[in-house]
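Before any comments, here is the structure.
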Amino acid sequence: EAQVTQNPRYLITVTGKKLTVTCSQNMNHEYMSWYRQDPGLGLRQIYYSMNVEVTDKGDVPEGYKVSRKEKRNFPLILESPSPNQTSLYFCASSLGLLTGELFFGEGSRLTVL
Amino acid sequence: QKEVEQNSGPLSVPEGAIASLNCTYSDRGSQSFFWYRQYSGKSPELIMFIYSNGDKEDGRFTAQLNKASQYVSLLIRDSQPSDSATYLCAGDLESSASKIIFGSGTRLSIRP
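First to last, the protein sequences are chains G and R.
Numbering of the first sequence is given in my numbering, commencing with residue 249 and proceeding in unit increments.
Numbering of the second sequence is given in my numbering, commencing with residue 257 and proceeding in unit increments.
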C-alpha cells in the first residue's frame with residue numbers, strides 16, 4: 249500500500265529535550281516536505297527536499313533541522329524544542345512533476361511543555 | 257509575503273445544493289493550484305489540481321482558475337453530508353515551484 253508513515257503520532261515532551269520525528273515513504277517519490285498546522289494559520293511549510301542530499305527552507309524553518317540521506321526518509325529534528333513548537337506536524341511526498349500533488353502522512357501531534 | 261487566502265467559514269450548504277469555495281492568491285506568477293480536503297482529525301488529501309485558466313471537472317467537483325483576477329474556486333455539485341470537511345487551497349510560487357503555500361482553509365458543513 250502506498251503510504252507516508254510518520255512516527256511518533258503523539259508526543260509530549262519538555263522544553264530543550266531533543267526529539268526526532270521520522271517520516272518514510274514507499275512510493276519512490278523525489279520530493280518530500282514537512283508542514284506544521286496551527287489553528288487559524290493553516291499549513292505552513294517548514295522544510296522541503298527535492299531529492300537525496302538536497303534540502304531547502306520553507307516559510308517557518310527556525311528551530312528545526314532536516315536531513316535527506318536516503319530517498320525514502322526525511323526526518324524532522326527539533327534540537328531544543330520550545331512551547332511555540334507545539335503543533336500538528338505533517339510529512340508529505342510528491343512524485344515531483346507537480347510538487348503540489350502531495351501525499352500526506354497521518355500527522356504527528358507534538359506538545360512541548 | 258506571498259499569500260493564499262480563504263474565507264474560514266463555516267460555510268453551510270443544504271444537501272443536494274452546490275457548494276462554492278473560493279480562494280485568492282497574491283503571487284501573480286503562481287502557476288499551479290491545488291484543492292485538498294481535510295476531515296477532522298485526519299490528514300489532507302488531494303481532490304483536484306488546475307494550472308490552466310478555465311474550468312476543470314472531475315465527477316461532482318469543478319475547479320476554476322482565473323489568473324487575471326488571481327482567483328481559484330472549487331464547486332461541489334449535489335453536496336453530500338460526506339463532503340463536510342475543511343477545504344484547503346494551495347498554490348506554488350513563481351520564484352520556486354517547490355514551495356507550496358496553503359490557505360488557512362474553509363470549513364464546509366452540509367446540512368441534511
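Note that CB positions come from ideal geometry on N, CA and C, so glycine has one too.
Item	Value
Going by C-alpha to C-alpha distance, which of G:260, G:326, G:283 sits closest to residue 351 of chain G?	G:283
What whole-angstrom Cβ distance do residue 359 of chain R and residue 344 of chain R have, given they're in contact under 8 angstroms?	6 angstroms
Mapping DSSP to helix, strand and coil, what is residue 333 of chain G?	helix
Rounded C-beta distance between residue 329 of chain G and residue 267 of chain G? I'm assuming under 8 angstroms.	6 angstroms
Give the secondary structure of residue 339 of chain R by DSSP, where H, G and I count as helix, E and B as strand, and everything else as coil.	helix
Given residue 323 of chain R, which residues of its chain have a CB within under 7 angstroms of its CB, disregarding the five upstream and five downstream residues?	309
Thinking just about the alpha-carbon of each residue, which of R:281, R:283, R:364, R:285 is nearest to the one in residue 332 of chain R?	R:364
Looking at the strands, I want to know which residues DSSP matches up with residue 346 of chain R.	R:290, R:358
Is there at least one Cβ from chain G nearer than 8 angstroms to residue 282 of chain R's Cβ?	no
Let me check one thing: in DSSP terms, what residues is residue 301 of chain R bridge-paired to?	R:293
For residue 340 of chain G, count neighbouring Cβ atoms within 10 angstroms of its own Cβ and tell me buried if that reaches 16, exposed if not.	buried
Cβ closer than 7 angstroms: which chain G residues qualify as neighbours of residue 314 of chain R?	Simply none; closest approach about 14 angstroms.
Using CA atoms only, rank isn't needed, just tell me which of R:354, R:347, R:336, R:356 is closest to residue 271 of chain R.	R:336
Nearest CA to the CA of residue 300 of chain R: which residue from G:320, G:271, G:261, G:348?	G:348
For chain R, check one thing: does any of its Cβ atoms lie closer than 8 angstroms to the Cβ of residue 298 of chain G?	yes
Answer with buried or exposed for residue 294 of chain G, where buried requires no fewer than 16 other C-beta atoms within 10 angstroms of its C-beta.	buried
If you measure between the beta carbons of residue 346 of chain R and residue 260 of chain R, is that distance less than 8 angstroms?	yes
Against chain R, does residue 322 of chain G count as a neighbour if the rule is that its beta carbon must be under 8 angstroms from one of theirs?	no
Taking the alpha-carbon positions, what's the residue 361 of chain R to residue 286 of chain G distance?	11 angstroms
Tell me whether the beta-carbon of residue 261 of chain G lies closer than 8 angstroms to the beta-carbon of residue 360 of chain G.	yes
Just by C-beta distance, which residues in the stretch 261–290 of chain G are closer than 8 angstroms to chain R?	279, 281, 283, 288, 289, 290
Hey, does residue 350 of chain G have any beta-carbon neighbour from chain R nearer than 8 angstroms?	yes
Suppose you measure from the CA of residue 311 of chain G to the CA of residue 343 of chain G; what does that come to, to the nearest Å?	27 angstroms
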